[in-house]
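**Student:** Numbering (the working numbering), first residue to last: 24 to 221.
Glycine is no exception: its CB is placed at the ideal position from the N, C-alpha and C atoms.
1. Starting from the C-beta of residue 129, find all residues in its chain whose C-beta is less than 7 angstroms away, skip the five residues before and the five after it, and write them out in chain order.
2. Using C-beta distances below 8 angstroms, list every residue in its chain close to residue 40, excluding the 5 sequence neighbours before and after it, in chain order.
3. What residue from 119, 149, 211 and 110 has the CA that sits closest to residue 143's CA?
4. Would you identify the three-state DSSP class for residue 12, choosing helix, strand or coil?
5. Can you list, in chain order, the residues of its chain whose CB lies under 8 angstroms from that of residue 166, leaving out five sequence neighbours each side?
6. Can you name, in chain order, every residue of its own chain whose Cβ lies under 7 angstroms from the Cβ of residue 203, other than the five neighbours on each side?
7. Can you grab the Cα-Cα spacing for the pair residue 49 / residue 171, in whole Å?
8. In whole angstroms, what separates the C-alpha of residue 220 from that of residue 164?
9. Is the number of C-beta pairs between the region 122–139 and the region 70–77 that are closer than 8 angstroms three or more?
10. Report yes if the C-beta distance between residue 95 and residue 55 is below 8 angstroms; otherwise report no.
11. Taking the alpha helix (DSSP H) that residue 81 belongs to, which residues open and close that run?
12. With which residues is residue 141 paired in a DSSP beta bridge?
13. Between which residues of its own chain and residue 213 is the CB-CB distance below 6 angstroms, once the five residues before and five after are set aside?
14. Output yes or no for whether 8 angstroms exceeds the beta carbon distance between residue 155 and residue 207.
15. So what does DSSP say about residue 51, is it helix, strand or coil?
16. Residue 169: which of 87, 122, 175 and 191 sits nearest, CA to CA?
Following this line, the structure appears as structure tokens:
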């Protein structure tokens with residue numbers, strides 16, 4: 024079902040970096056994005072075993088709480104030599120309070136001397152509407168894990184992830200450069216093509 028420009032959506036996220044990135048991408052489409060923080064929405068427990076399941080769970084909970092179209096992203100880093108870990112547990116590897124320096128160190132420690140450093144960032148965007156319908160869009164970007172971390176940009180695991188075909192990590196890229204390559208941008212591009220028709 025196509026949507027019209029000028030709507031207000033809710034982003035079911037408390038992650039400041041994610042909120043800024045999605046606002047920047049959706050603003051040109053005329054979408055006013057309110058965050059779960061602004062609306063004081065609780066974070067539902069992520070109980071699903073897949074990115075798709077958790078994205079839908081979060082979007083549906085926010086939609087039921089607000090009565091508005093809600094967007095949720097579930098994303099993470101999947102490292103091939105770690106059997107896809109940290110995967111859906113990417114944020115949890117950072118602990119509470121979240122410390123992605125610690126999470127990146129854990130990835131490095133668990134890889135040890137592994138020759139295979141391939142990994143991918145995965146993002147699934149779920150869009151839940153007040154009529155009960157829900158759509159899901161997946162984006163991935165392949166790359167390698169590097170050490171030590173490089174760059175202060177981005178968030179999460181960006182300083183240790185070098186996308187395929189690049190010499191710089193996501194952490195070394197300007198936000199607009201990362202948006203051209205990121206898993207979230209690819210998932211959103213699929214969503215925009217389906218929802219806006221372009």
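**Tutor:** Once the coordinates are examined:
1. Locating residue 129 in the chain shown gives position 106, where the first residue counts as 1. Counting only Cβ-Cβ distances below 7 angstroms, and skipping sequence neighbours, we find 116.
2. Looking up residue 40 in the chain shown gives position 17. For residue 40, where only same-chain residues beyond five positions count, the Cβ hits under 8 angstroms are 177, 178 and 179.
3. For the purposes of this step, residue 143 is taken as the residue at position 120 of the chain shown. Here the closest residue by C-alpha is 110.
4. Outside the displayed span of the chain (24 to 221) sits residue 12, for which this structure offers no information.
5. What you label residue 166 is simply residue 143 of the chain shown in a count that begins at 1. Excluding sequence neighbours, residue 166 sits near 141, 142, 143, 144, 184, 185, 186, 187 and 189.
6. Translated into the one-based positions of the chain shown, residue 203 becomes position 180. For residue 203, where only same-chain residues beyond five positions count, there are no Cβ hits under 7 angstroms.
7. Locating residue 49 in the chain shown gives position 26, counting from the first residue. Locating residue 171 in the chain shown gives position 148, counting from the first residue. Spanning the two alpha carbons is a distance of roughly 33 angstroms.
8. Taking the first residue of the chain shown as 1, we reach residue 220 at position 197. Taking the first residue of the chain shown as 1, we reach residue 164 at position 141. One C-alpha to the other measures close to 23 angstroms.
9. no
10. By 1-based counting over the chain shown, the position of residue 95 is 72. By 1-based counting over the chain shown, the position of residue 55 is 32. Going by C-beta atoms, residue 95 is not nearer than 8 angstroms to residue 55.
11. For the purposes of this step, residue 81 is taken as residue 58 along the chain shown, with counting starting at 1. Segment 74–89, the alpha helix (DSSP H) holding residue 81.
12. The residue labelled residue 141 in the question sits at position 118 within the chain shown. Answer is 167.
13. Working through the chain shown from its first residue, we reach residue 213 at position 190. For residue 213, where only same-chain residues beyond five positions count, the Cβ hits under 6 angstroms are 160.
14. Along the chain shown, read from residue 1 onward, the residue named residue 155 stands at position 132. Along the chain shown, read from residue 1 onward, the residue named residue 207 stands at position 184. Cβ atoms of residue 155 and residue 207: not closer than 8 angstroms.
15. Residue numbering aside, residue 51 sits at position 28 when the chain shown is read from its first letter. Residue state, collapsed to three classes: helix.
16. Position 146 of the chain shown, counted from the first residue, corresponds to residue 169. Answer by Cα proximity: 191.
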